[in-house]
Amino acid sequence: KDVLTEVEALDIKTLETKKISNAECKFGYRESIFKNEEKGRYVILSITIRLTRNSQKVNVSYGTLSKELEAMGIAHPTIKDVSNAVIKIRSSKLPDPGKIGNAGSFFKNPVIPDSAFAKLKSEYPGIISFPSAGGKTKLAAGWLIEQCGWKGKRFGDAGVHKDQALVLVNYGNATGNEIYTLSEQIIESVKIKFGVVLEREVNMI
């Protein structure tokens, strides 16, 4: 969102191409109009980005990233260093879609009121969480799913990855409906056990 200037998209309603500015995209953390008010309306054809050769700034505040750079012995990272570190981190967390079908993180990390989190924390001291704004706490969806026993489960060719419970996988011939049904079962089990409703991060077509 920091370097993108515009998106060229096909409007499914009118079958016309349209250029959408960065501001109009309403980018946020894993958010945009393409996932919210205009979900399902556009097919993105291309994007235009503006890069700079000078005065490049890198953001390494993300905890895992800073630790990885430290482990790599890099104190003053370049953009290339950050890119290599991110690729290494993602490769360790997510299965290669070229080898096993997946869409990355399937569910969003849910955000709940601090009062609700305090209750869960008393029942499940090991619950993984992150501070969030506005008197709320973000929970690790993968931890919730794993605690419900889904990690590594397989139903035909649809399943939950053996190393990352947040990732649903297609071992070969699972249909979209089978993946959807599995996700529904996971959502329901997490709701029953923790009283938390997971939201899919992927777009189901």
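Letter by letter, the sequence shown follows residues 4 to 208 in the numbering used here.
For each residue, glycine too, the CB sits at the ideal point set by N, CA and C.
The three-state reading of DSSP puts Val10 in strand, counting E and B together.
For Gly129, the secondary structure class from DSSP, reduced to helix, strand or coil, is coil. Between Ile92 and Glu71, the C-beta gap is smaller than 8 Å, which places the two residues in contact. Between the beta-carbon of Phe133 and that of Lys122 there is about 17 Å, and that puts the pair past the 8 Å contact cut.
The beta carbons of Pro116 and Gly152 sit no closer together than 8 Å.
For Gly76, there is no enclosing beta strand (DSSP E), as DSSP marks it with neither H nor E. Ranked by how close their Cα comes to the Cα of Lys102, the residues Arg56, Asn173 and Arg157 have Asn173 in first place.
Contact between Thr8 and Arg53 is confirmed by a C-beta separation of about 5 Å, below the 8 Å threshold. Ala161 has Phe158 and Asn173 as its beta-bridge partners, per DSSP.
Rounded to the nearest whole angstrom, the CA to CA distance from Arg56 to Ser86 is 16 Å. Within the DSSP bridge table, the entry for Ile115 names Thr140 as partners. In the three-state scheme derived from DSSP, where H, G and I count as helix and E and B as strand, Val46 is classed as strand. Gly107 sits close to Val170, with the two beta carbons spaced by under 8 Å. Straight-line spacing of the CA atoms in Asn180 and Met75 works out to 42 Å. In the three-state reduction of the DSSP assignment, Ile23 falls in the strand class, which pools E and B. Out of Glu27, Ile50, Ser49 and Leu48, the CA that lies nearest to the CA of Asn39 is found in Glu27.
Around the beta carbon of Ser186, 16 or more other beta carbons lie within 10 angstroms, which makes this residue buried.
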